[in-house]
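Asker:
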Amino acid sequence: DAGITQSPRHKVTETGTPVTLRCHQTENHRYMYWYRQDPGHGLRLIHYSYGVKDTDKGEVSDGYSVSRSKTEDFLLTLESATSSQTSVYFCAISDLARVNTGELFFGEGSRLTVL
Amino acid sequence: GNSVTQMEGPVTLSEEAFLTINCTYTATGYPSLFWYVQYPGEGLQLLLKATKADDKGSNKGFEATYRKETTSFHLEKGSVQVSDSAVYFCALASGSARQLTFGSGTQLTVLP
């Protein structure tokens, strides 16, 4: 199994508070992704990174920011959480050889509830 | 833009039944196609893939054929087991960053 650790795995917070989710990998993969999973929508891409300090927006990036200061860590921040951001968040990684065929390795997910 | 449409679930089958989960796609260019599986409480994992037209991906008794003429990538298994109970996602990869576009997922429950 690919070495991907997401933290926290579960979090309950209140509307308006900041939240940061962390994705840590031990595979030295170049590409890292944050997806959210919601019923009826499958997985939707929030942001992704193609190298240290290199990030780009995905399909549903509004209300989220990311940072990648080193290869192994990719942080997802909700500056002011809203109830619509209640979801399960998945981190994924890929290397240069696999990304061209779209093969990703996923973490176990972080369940966020915004009250 | 790219999109993936999967048959709606949930799907409930008896053990040893035949499984088909339909998937159709819309994409520019020549995408790669995937089926990912998510077991309860876990992240997604790649089940099989096909990178060009007429390719057949297969793994663990599952198979899917990339049909460009019908823009489809249906998942099949001849005899399902209880352990196959999971959510199945069809996906495609296209574009310069090779971002994946996922379908909405199909919940499969196999009863003993």
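So the protein sequences, as listed, match chains A and B. Going by my numbering, the first sequence opens with residue 1, and the numbers climb by one from there. Going by my numbering, the second sequence opens with residue 1001, and the numbers climb by one from there. Every residue gets a Cβ at the ideal spot worked out from N, C-alpha and C, and that includes glycine. Because the structure is a prediction, the values reported are computed rather than measured.
1) Ser1094(B): buried (16+ other C-beta within 10 angstroms of its C-beta) or exposed?
2) Return yes when the C-beta of Leu45(A) is under 7 Å from any heavy atom of the ligand FMN, and no when it is not.
3) Step through the CB atoms of chain B and report whether any lies within less than 8 Å of the CB of Thr45(A).
4) Evaluate the contact criterion for the stretch 10-24 of chain A versus the stretch 1005-1025 of chain B: three or more CB pairs, one atom per stretch, below 8 Å.
5) If you compare alpha carbons, which of Tyr31(A), Thr82(A), His10(A) is closest to Gly63(A)?
6) Thr101(A) versus chain B: which residues are under 8 Å apart at the beta carbon?
7) Express the C-alpha separation of His10(A) and Arg111(A) in angstroms, rounding to a whole number.
8) How is the beta strand (DSSP E) around Val19(A) delimited, first residue to last?
9) Count the other C-beta atoms from every protein chain shown that fall within 10 angstroms of the C-beta of Ala97(A), then say buried if there are 16 or more, exposed otherwise.
10) Following the continuous alpha helix (DSSP H) through Leu96(A), name the residue where it begins and the one where it ends.
11) Could you confirm whether any beta carbon from chain A is found closer than 8 Å to the beta carbon of Gly1103(B)?
12) Please report whether the beta-carbon of Phe1073(B) lies at a distance below 8 Å from any beta-carbon of chain A.
13) Hey, would you say His24(A) sits closer than 8 Å to Glu103(A), going by beta carbons?
14) So Glu1063(B) contacts chain A; which residues on that side make the cut at Cβ distance below 7 Å?
15) Can the beta-carbon of His29(A) be found less than 8 Å from the beta-carbon of Ser94(A)?
16) Only counting the same chain, and skipping five residues up and downstream in sequence, which positions put a Cβ closer than 7 Å to that of Tyr991(B)?
17) Our contact map puts Lys1052(B) next to Tyr1030(B) with C-beta atoms below 8 Å; I'd like the distance itself, whole angstroms only.
18) Can you tell me where the beta strand (DSSP E) holding Asn1002(B) begins and where it ends?
19) Tell me the DSSP bridge mates of Gln85(A)?
Answerer: In terms of the structure at hand:
1) It is buried - the Cβ of Ser1094(B) has at least 16 other Cβ atoms within 10 Å.
2) Ligands displayed in this structure: none; no statement on the ligand FMN is therefore possible.
3) Sequence inspection shows Leu at residue 45(A); the Thr mentioned does not correspond to that position. Under the Cβ criterion of 8 Å, Leu45(A) is counted among the residues facing chain B.
4) With contact defined as three or more Cβ pairs closer than 8 Å, the stretch 10-24 of chain A and the stretch 1005-1025 of chain B are not in contact.
5) Checked all of Tyr31(A), Thr82(A), His10(A); the closest Cα to Gly63(A) is Thr82(A).
6) Close to Thr101(A), with beta-carbon spacing below 8 Å, are these residues of chain B in chain order: Ser1032, Lys1049, Thr1051, Ala1093, Arg1098.
7) Computed Cα separation, rounded: 5 Å.
8) Element bounds for Val19(A): 19-25.
9) Taking every protein chain shown into account, the CB of Ala97(A) has fewer than 16 other CB atoms within 10 angstroms, so this residue is exposed.
10) DSSP places Leu96(A) in the uninterrupted alpha helix (DSSP H) bounded by 96-99.
11) Taking CB atoms only, Gly1103(B) has a neighbour in chain A less than 8 Å away.
12) For Phe1073(B), no Cβ of chain A is located within less than 8 Å of the residue's own Cβ.
13) Their beta carbons are not under 8 Å apart, which means His24(A) does not touch Glu103(A) by this criterion.
14) What Glu1063(B) touches in chain A, judged by beta-carbon distance under 7 Å, is nothing: the nearest beta carbon there is about 18 Å away.
15) Contact: yes.
16) This structure cannot settle anything about residue 991(B), because the visible part of chain B is limited to 1001 through 1112.
17) Their Cβ separation, rounded to whole angstroms, is 7 Å, which keeps Lys1052(B) and Tyr1030(B) in contact under 8 Å.
18) Note, Asn1002(B): premise wrong, no beta strand (DSSP E); not H, not E.
19) None, per the DSSP bridge assignment.
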